[in-house]
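Numbering follows this note's numbering, with no gaps: position 117 of the sequence shown is 1613. Data block below; observations after.
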Amino acid sequence: MYLQLILEDHCHETDLWPWGGEPIYRNGKYVGMTTTTGYGYTFKKQVCLGFVENIDEKGMRQKVTNEFVTSGDYEVDIAGIRFHAKANIHSPILPTKHPRQGTRRIPGHERQKHGRKRRQSNH
């Protein structure tokens, strides 16, 4: 299953950043790898995407359920250091900003219904 992992105890200023291909651990057991990573400015944390699988004690692949994903304790290994991660099946709801009410007027650049009126050159 493809899921999102938000690194909880990673410092973006002093710790190495993930690049993709980092091992993912669930309850101390290897379950997959990251594929895509980046800094989430809204979260102010590193965000990793990756695939995980559910392998039982006999080495048999089992179905990865939502319960399997949400019940585990995850870590992402970056250059030999494991960082605790929060697993999300769906992207969290992000706060939205609405544009300010009203318009900003710049002399000589009045907005018209169908396009912009350009300032006349005095050359």
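From the three backbone atoms N, C-alpha and C, an ideal C-beta is built for every residue, glycine too. Small disclaimer: the values here were computed from a predicted structure and weren't measured.
### Task
Return the chain-ordered list of same chain residues with a C-beta closer than 7 Å to the C-beta of Pro1482, the five sequence neighbours on each side being excluded.
Limits of the chain in this structure are 1497 at one end and 1619 at the other, which puts residue 1482 out of reach.
### Task
Pull up the distance between the alpha-carbon of Asn1584 and that of Asn1562, whole angstroms please.
Roughly 10 Å between the two C-alpha positions.
### Query
Are Gly1546 and Thr1531 touching if we call contact CB-CB under 7 Å?
yes
### Query
Quick one, are the C-beta atoms of Leu1503 and Lys1541 less than 7 Å apart?
yes
### Message
What does DSSP give as the partner residue(s) for Asn1584 in the beta ladder?
### Response
Gln1500
### Message
Residues in the same chain with beta-carbon distance under 8 Å from His1580, minus the five sequence neighbours each way, listed in chain order, please.
### Response
Leu1503, Glu1504, Asp1505, Asp1569, Tyr1570 and Glu1571
#### Entry: Pairwise C-alpha distance: Gly1576 and Asp1552
25 Å
### Task
Keeping to the same chain, check which residues put their C-beta closer than 8 Å to that of Thr1566; ignore five residues upstream and five downstream.
The residues are Ala1583 and Ile1585.
### Query
Residue range of the alpha helix (DSSP H) that His1561 falls in?
Note on identity: in this sequence residue 1561 is Thr, with His being the wrong assignment. Here Thr1561 belongs to no alpha helix (DSSP H), and DSSP marks it neither H nor E.
### Task
Please go through the same chain and pick out, in chain order, the residues whose beta-carbon is closer than 7 Å to the beta-carbon of Phe1564, but skip the five residues on each side of it.
Asn1550
### Task
Return the chain-ordered list of same chain residues with a C-beta closer than 6 Å to the C-beta of Arg1578, the five sequence neighbours on each side being excluded.
Glu1571
### Task
Decide if Cys1507 is buried, meaning its Cβ has at least 16 other Cβ atoms within 10 Å, or exposed.
exposed
### Query
Mind checking Thr1538: buried by the 16 CB within 10 Å criterion, or exposed?
exposed
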